[in-house]
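Undergrad: So the sequences go chain by chain: C and A. Take the first sequence: its position 139, counted from the start at 1, is 142 in our numbering, and no numbers get skipped. Take the second sequence: its position 216, counted from the start at 1, is 219 in our numbering, and no numbers get skipped. Heads up, the beta-carbon is just placed ideally off N, CA and C, and yes, glycines get one too. Right, I'll just put the structure down here and ask away after.
Number of protein chains: 2
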Amino acid sequence: MSEQTLSTLSGPQASPQDLSVRSNARDRVTSALREALIIGRIQPGLPMTLRGLADQLGVSPMPVREAIRGLAAERAIDISASGRITVPRLDQKRITEILDARALLEPRAAALALPNIDRECLRQLKRIDDEIDVSLSDGNVERYMVLNHAFHFAIYERSLSDVFLPLIESVWLRFGPFMRMVYGRVGTTGLVDHHKQALEAAARGDAAAFAEAIRLDISEGMELIGDAVRDAEVQHPPPRRRRKIAAPKVTI
Amino acid sequence: MSEQTLSTLSGPQASPQDLSVRSNARDRVTSALREALIIGRIQPGLPMTLRGLADQLGVSPMPVREAIRGLAAERAIDISASGRITVPRLDQKRITEILDARALLEPRAAALALPNIDRECLRQLKRIDDEIDVSLSDGNVERYMVLNHAFHFAIYERSLSDVFLPLIESVWLRFGPFMRMVYGRVGTTGLVDHHKQALEAAARGDAAAFAEAIRLDISEGMELIGDAVRDAEVQHPPPRRRRKIAAPKVTI
DNA sequence: GCTCTCTATTTGTGATCACAATTACGTACG
DNA sequence: CGTACGTAATTGTGATCACAAATAGAGAGC
């Protein structure tokens, strides 16, 4: 198999040794893979192998197996009938439905979160949003994706909902690799968001406006990438690989 | 540990050897556990063990491990920090949020499905709903839960959405054990649903009314069990077990 | 009766092995 | 130059083993 590897996590300002220092190898692997998926570092369609990931992460294939199995349950990773492990390619139908689901779930989570968003949290959101502007003008796609995720989930986490949060995370896991593909292709120049409207509404304590800003943030993103998707599907059909392809690596 | 086992699947008219004859042990285990969860056959809070489940299902602990890990990723099963495997107990907050998420996701899935619901499908839905009435008047809780699941998912499957369907399945997996607890406690006598309104709307091809009927079916269920939940939480606090408890078994 | 303590048992985790299925790739043929 | 084929290497699956951590349950003390 032509196996894919993942680019190291130690990019610009390496993440501070992963959030919690879980003793579990499995949880470390899961965290590494989830982050790689959210950021879109793993290219959809290219196969990964248990042993390959295990070697890269310095563990035995066993914890990787369990981590992959967990991600597969969330549909973040596809395991074909023959056992081939890939990040799923999304067709336009799926993309529409994911954005549809996001537009249902995330405004509600935001509304639930609003009462728990204090001034300090607002300041942090503002900081993140400022950094997003920088990353956009720099054209730094990866940094943008990290920050955009941070912005949204800084909100959703305040919902304190272990029902909505997992559902939303699950959808982002599936969407990340695709977003990365789009941004890597069409760039982030024309990208607009509704973060500032959201922050204004949040500052006013206006739950309805807050939720609506989040909904628009998602829906307009949908329109923006609509054409890119159509183009991508005709211009970049599932590559019929014939040779091994050098690919980025992942580490914990 | 006082370990829980699961009641055999071979109840009245045993399921015809599970849907697909997957060669995978893991998939068989997963199917068995998912069904047990949906029907609510596994009592929340009581620990299960990998080796115990493996013995009951006639496989090695390995496929059970992966199946459990997958279900844990969907939050259908909880694995504590110490590794204890249980079906999560739901507090009132979670229950409300689950019903909230259902009321968001399921009407949309129903609307997506409506164009794909033909006359034959409608007839089948009608048949299921008739059987539901029978099971309700019989007070057969388990059969009601199987049928109610069948009714809803016969609809949602027609959405042909592998975005909405997994999200909804995930929520049902979490909700099943709780529903069973409620029905087992307060009975199914006062139970009302909006299946017939849904079928009428579907027959008319009225997507909005169809979705609304589904939403009401969920929301009114919410009210119905509201008090039961409150009572349950004070009358049935998390039992501080001190001895082993005999519990039902599960088989493939 | 209740709580605490201590020990034997159980449990999840991770590693390694064997194996059937699948895939990759050089080779022959068109 | 492209396609079909056959063999060798790779891959996921399942089983088994070792081990540290956690638990259960009996016993001592209050």
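Comparing alpha-carbon positions, which option in C/Thr99, C/Arg161, C/Leu36 lies nearest C/Leu125?
TA: Of C/Thr99, C/Arg161, C/Leu36, the residue nearest in Cα terms is C/Arg161.
Undergrad: Does the beta carbon of A/Ile228 come closer than 7 angstroms to any beta carbon on chain C?
TA: No - not a single Cβ of chain C is within 7 angstroms of the one on A/Ile228.
Undergrad: Using a Cβ cut-off of 7 angstroms (strictly closer), state whether A/Gly73 contacts chain C.
TA: For A/Gly73, the answer is yes, since a Cβ of chain C falls inside 7 angstroms of its Cβ.
Undergrad: Hey, quick one: how far does the alpha helix (DSSP H) through C/His197 stretch, first residue to last?
TA: Neither: C/His197 is in no alpha helix (DSSP H) and is coded neither H nor E.
Undergrad: In angstroms with no decimal places, state the Cα-to-Cα distance between C/Phe154 and A/Leu150.
TA: Between C/Phe154 and A/Leu150, the C-alpha separation is close to 42 angstroms.
Undergrad: Residues of chain A with CB under 7 angstroms from C/Pro169, in chain order?
TA: The answer, in chain order, is Arg78.
Undergrad: Just confirm the distance between the C-beta atoms of A/Ala112 and A/Leu176, as a whole number of angstroms; I'd bet it's less than 8 angstroms.
TA: Rounded, the Cβ-Cβ distance is 16 angstroms, inconsistent with contact.
Undergrad: Can you tell me the Cα-Cα spacing of A/Arg188 and C/Gly43, whole angstroms?
TA: Computed Cα separation, rounded: 47 angstroms.
Undergrad: Which runs of the alpha helix (DSSP H), 4 residues or longer, sit entirely within the segment 86-112 of chain A?
TA: Entirely contained in the segment 86-112 of chain A, not one alpha helix (DSSP H) run reaches 4 residues.
Undergrad: Interface residues of chain A around C/Leu108 at Cβ under 9 angstroms?
TA: Within 9 angstroms Cβ-Cβ: Ala104, Leu107, Leu108, Leu170.
Undergrad: The alpha helix (DSSP H) spanning C/Pro180 covers which residue range?
TA: First-last of the alpha helix (DSSP H) with C/Pro180: 167-189.
Undergrad: Any beta-carbon of chain A closer than 7 angstroms to the one on C/Arg92?
TA: No - not a single Cβ of chain A is within 7 angstroms of the one on C/Arg92.
Undergrad: Closer than 8 angstroms, Cβ to Cβ, to anything on chain C: give me those residues from the segment 142-166 of chain A, in chain order.
TA: Hits within the stretch, in order: Ser164, Asp165, Val166.
Undergrad: Find the nearest neighbour of A/Leu128 within the set A/Ile158, A/Ser138, A/Leu117, judged by alpha-carbon distance.
TA: The shortest C-alpha separation from A/Leu128 is found at A/Ile158.
Undergrad: Put A/Arg126 into one of helix, strand or coil per three-state DSSP.
TA: Looking at A/Arg126 - three-state DSSP - the assignment turns out to be helix.
Undergrad: Please list the terminal residues of the continuous alpha helix (DSSP H) segment that includes A/Asn151.
TA: From DSSP, the alpha helix (DSSP H) with A/Asn151 extends over 144-159.
Undergrad: Which of helix, strand or coil does DSSP assign to C/Ile45?
TA: Coil at C/Ile45, not helix or strand.
Undergrad: Let's test the definition: count the other Cβ atoms within 10 Å of the Cβ of C/Ile82 and tell me whether it reaches 16, buried, or not, exposed.
TA: So C/Ile82 counts as exposed.
Undergrad: Considering only residues of the same chain and omitting the five flanking positions on each side of A/Arg54, which have a CB-CB separation below 6 angstroms?
TA: Within the same chain, A/Arg54 has close Cβ partners Pro64.
Undergrad: Using 10 angstroms around the beta-carbon of C/Gly208, count the other beta-carbons present and answer buried if the total reaches 16, otherwise exposed.
TA: When all chains shown are included, C/Gly208 counts as exposed.
Undergrad: Please check the pair A/Thr52 and A/Ile88, which I expect to be a contact at CB under 8 angstroms, by giving their CB distance rounded to whole angstroms.
TA: A/Thr52 to A/Ile88, Cβ: 7 angstroms. Contact.
Undergrad: Given this structure, state the Cα-to-Cα distance separating A/Glu203 from C/Asp141, to the nearest angstrom.
TA: If you take the alpha carbons of A/Glu203 and C/Asp141, they lie about 56 angstroms apart.
Undergrad: Secondary structure at A/Ala249, three-state DSSP: helix, strand or coil?
TA: Confidence at A/Ala249 is low in this model, with a pLDDT of 38, below 50, so the placement of that residue is unreliable and no value is reported for it.
Undergrad: What do you get for A/Ala84, buried or exposed, if any count of 16 or more other CB atoms within 10 angstroms of its CB means buried?
TA: So A/Ala84 ends up on the exposed side.
Undergrad: Tell me which residue opens and which closes the alpha helix (DSSP H) that C/Ala75 is part of.
TA: From DSSP, the alpha helix (DSSP H) with C/Ala75 extends over 64-76.
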